[in-house]
Amino acid sequence: MDPKKLSLEVVTPERQVLHEDVDFIQLPGLDGYLGILPGHAPLLTELGAGVLSFRKGNETRYATALGGFAEVLANRVIVLAERAELAEEIDLGRAEAARERALKRLEEKAGQVDFEVAQLALQRSLIRIQVAPRVSQRRPPGVLERDGSGNPPAASK
656 MDPKKLSLEV VTPERQVLHE DVDFIQLPGL DGYLGILPGH APLLTELGAG
706 VLSFRKGNET RYATALGGFA EVLANRVIVL AERAELAEEI DLGRAEAARE
756 RALKRLEEKA GQVDFEVAQL ALQRSLIRIQ VAPRVSQRRP PGVLERDGSG
806 NPPAASK
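What follows is the structure in structure tokens.
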């Protein structure tokens, strides 16, 4: 393996979502996004719910990551997500329908357990809606990717 690359594996309980060599990874942590470059210090972190992005050359690809853990080693990142899917796998129509169902359940407020389930369903659908249009984006060399807040990703080593 090229020492200037990261081996990225994304796995859920159901399947292996991805296994690729990449240049940069951005993960949704519980307290914000983490940027991972080759040679990163070892790290074990809990994942939040959000957009997982990874860059290979001039192409940036996207996926959802919903809970779980990530293990970061010098040149390897293993994401053990409760749920994950690549942008190209998302059916935008289904995600929008799920958002509408979740909003309707939240308006009804039919008990605390149902309310929490509806909140999680809404969060999941919103992340899927955010990721779906980002199937693949090419960027000119030297242009940094931005996170959802408009800030560049925090790459740490």
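Going by our numbering, the residue at position 24 of the sequence shown is 679; the numbering climbs one at a time, nothing skipped. Where a beta carbon is used, it is the ideal one built from N, C-alpha and C, also for glycine. Because the structure is a prediction, the values reported are computed rather than measured.
_Gly694 - DSSP class collapsed to helix/strand/coil_ = As a first step, residue 694 must be located in the sequence shown, where it is residue number 39. Looking at Gly694 - three-state DSSP - the assignment turns out to be coil, as it is neither helix nor strand.
_Assigned secondary structure, Leu685 (DSSP; H/G/I helix, E/B strand, else coil)_ = To locate residue 685, count along the sequence shown from 1; it is residue 30. Leu685: coil per DSSP, three-state reduction.
*asked:* For Val734, which residues in the same chain have their Cβ closer than 6 Å to its Cβ, ignoring the five residues on either side in sequence?
replied: If you number the sequence shown from 1, residue 734 lands on position 79. Only Val665 and Ala725 meet the Cβ criterion.
*According to the Cβ coordinates, are Pro683 and Ala720 closer than 8 Å?*
Here residue 683 corresponds to residue number 28 of the sequence shown, with the count starting at 1. Here residue 720 corresponds to residue number 65 of the sequence shown, with the count starting at 1. Cβ atoms of Pro683 and Ala720: closer than 8 Å.
*Can you tell me which of the three DSSP states Asp769 falls into?*
Indexing the sequence shown from 1 puts residue 769 at position 114. Reduced to three states, the DSSP call for Asp769 is helix.
*Would you report the Cα separation of Glu701 and Asp657, rounded to the nearest angstrom?*
The sequence position of residue 701 within the sequence shown is 46, counting from 1. The sequence position of residue 657 within the sequence shown is 2, counting from 1. Spanning the two alpha carbons is a distance of roughly 27 Å.
*Member of Leu692, Ala729, Glu737 and Asp676 whose CA lies at the smallest distance from the CA of Lys711*: As a working mapping, residue 711 is identified with position 56 in the sequence shown. When only C-alpha atoms are compared, the closest one is Asp676.
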